[in-house]
Amino acid sequence: MSGTAEMVLLSFIPGRNEKTEVLSEDLLQVEKRLELVKQVSHSTHKKLTACLQGQQGAEADKRSKKLPLTTLAQCLMEGSAILGDDTLLGKMLKLCGETEDKLAQELIHFELQVERDVIEPLFLLAEVEIPNIQKQRKHLAKLVLDMDSSRTRSPQKAPVTAGEPPEAPRWATIDSGLLLSQWRDQLSADMYSFVAKEIDYANYFQTVRVQK
Numbered sequence: 001m002s003g004t005a006e007m008v009l010l011s012f013i014p015g016r017n018e019k020t021e022v023l024s025e026d027l028l029q030v031e032k033r034l035e036l037v038k039q040v041s042h043s044t045h046k047k048l049t050a051c052l053q054g055q056q057g058a059e060a061d062k063r064s065k066k067l068p069l070t071t072l073a074q075c076l077m078e079g080s081a082i083l084g085d086d087t088l089l090g091k092m093l094k095l096c097g098e099t100e101d102k103l104a105q106e107l108i109h110f111e112l113q114v115e116r117d118v119i120e121p122l123f124l125l126a127e128v129e130i131p132n133i134q135k136q137r138k139h140l141a142k143l144v145l146d147m148d149s150s151r152t153r154s155p156q157k158a159p160v161t162a163g164e165p166p167e168a169p170r171w172a173t174i175d176s177g178l179l180l181s182q183w184r185d186q187l188s189a190d191m192y193s194f195v196a197k198e199i200d201y202a203n204y205f206q207t208v209r210v211q212k
C-alpha cells in the first residue's frame, strides 16, 4: 500500500475529526496555473483564428478562392489580358498578378500550418485537456466532502440491518478512502504531466514566430 493510501485510510478511520486535504500545496499552485493557461490559450486561439484570411478548416483550393490576395491576382491578370501582354503596362500587370498569386499560395500554406500546429492544439488544450483535469478536481473535491461527512456521522450508533456486520459502516468508509486515494493519485499524475508538457505548449507559439 502506498503512503498516500495509508494517509487516506488513517484520515477516514471513524473517530478522527480532521478535515481531509484535497491537494498538496504544490498541486494547489498547479491548479491556479491551469486556469491561467486555460484563459491565455482560449484568448490566443480566438485572436489567431480571427487573423486567418482563408476559411478555417477548408482545403487549400477552397481557401484560395476567397483569399483577398487571390482576388487581387485575378484582377491584375484580367487587366493584363485586356491591355495586352505585349504592352509595357500589360506586362507589368501580368508580372504583379503572378507575384500576388505566389504570395497567396505561400499565405495559404502558412495558415494551414498554423492551424494544424498551433490553433488546433490550443483549442484542445483550452477546451479539452485542462477542462478534463478540472472536472477530475471537482469530482475529487466532492468525494472528499462526502467522505468527511461520512466520517463525521460514523461515531454515531446506527441501527444494524439483518445480515449486516457491525463493522460494515467502518469498512465502507475505508473502501471509499481507497477510492479517493486512487482518484487523487490519478489527478496528481495528470497535473504533473501538464507541468511537464509546458515546453510543448511553448513550442506552439515558437511555430508562429519561426514561420513569420
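Numbering (the UniProt record's numbering), first residue to last: 1 to 212. By construction, the Cβ of each residue, glycine as well, lies at the ideal position given by its N, Cα and C atoms.
Could you check the C-alpha separation between T49 and I199 for me, to the nearest Å?
22 Å
Compare the beta carbon distance of Q53 and P68 with 8 Å and say whether it is the shorter of the two.
yes
Assuming R137 contacts E35 (C-beta within less than 8 Å), just tell me the rounded distance between them.
Not a contact, Cβ separation roughly 10 Å.
How is the alpha helix (DSSP H) around Q29 delimited, first residue to last?
E25 to C51
Between which two residues does the alpha helix (DSSP H) harbouring R116 extend?
No alpha helix (DSSP H) contains R116, which DSSP labels as neither H nor E.
Given V195, which residues of its chain have a CB within under 7 Å of its CB, disregarding the five upstream and five downstream residues?
V30
So, with DSSP's three-state summary, where would you put D148?
In the three-state reduction of the DSSP assignment, D148 falls in the helix class.
Which of the three DSSP states is assigned to L67 in this structure?
coil
Determine the contact status of I130 and V37, defining contact as a CB-CB distance below 8 Å.
Yes; because the gap between Cβ atoms is below 8 Å, this pair is in contact.
Can you have a look at Y204 and say buried or exposed, based on whether 16 or more other CB atoms are within 10 angstroms of its CB?
buried
Excluding the 5 residues preceding and the 5 following G97 in the sequence, name in chain order all residues of the same chain whose CB lies nearer than 7 Å to its CB.
A73, L76, M77 and S80
Have a look at W171 and G177 and give me their C-alpha separation to the nearest angstrom.
Bear in mind that the predicted position of W171 carries a pLDDT of just 48, short of 50, making it unreliable; the figure below should be weighed with that in mind. Spanning the two alpha carbons is a distance of roughly 9 Å.
Can you have a look at residue 213 and say buried or exposed, based on whether 16 or more other CB atoms are within 10 angstroms of its CB?
Summary: the structure shown does not reach residue 213, with the chain confined to residues 1 through 212, and so no result is reported for it.
Can you list, in chain order, the residues of its chain whose CB lies under 7 Å from that of S64, leaving out five sequence neighbours each side?
If the five residues before and after S64 are omitted, its C-beta is found closer than 7 Å to the C-beta atoms of T70, A104 and I108, all from its own chain and listed in chain order.
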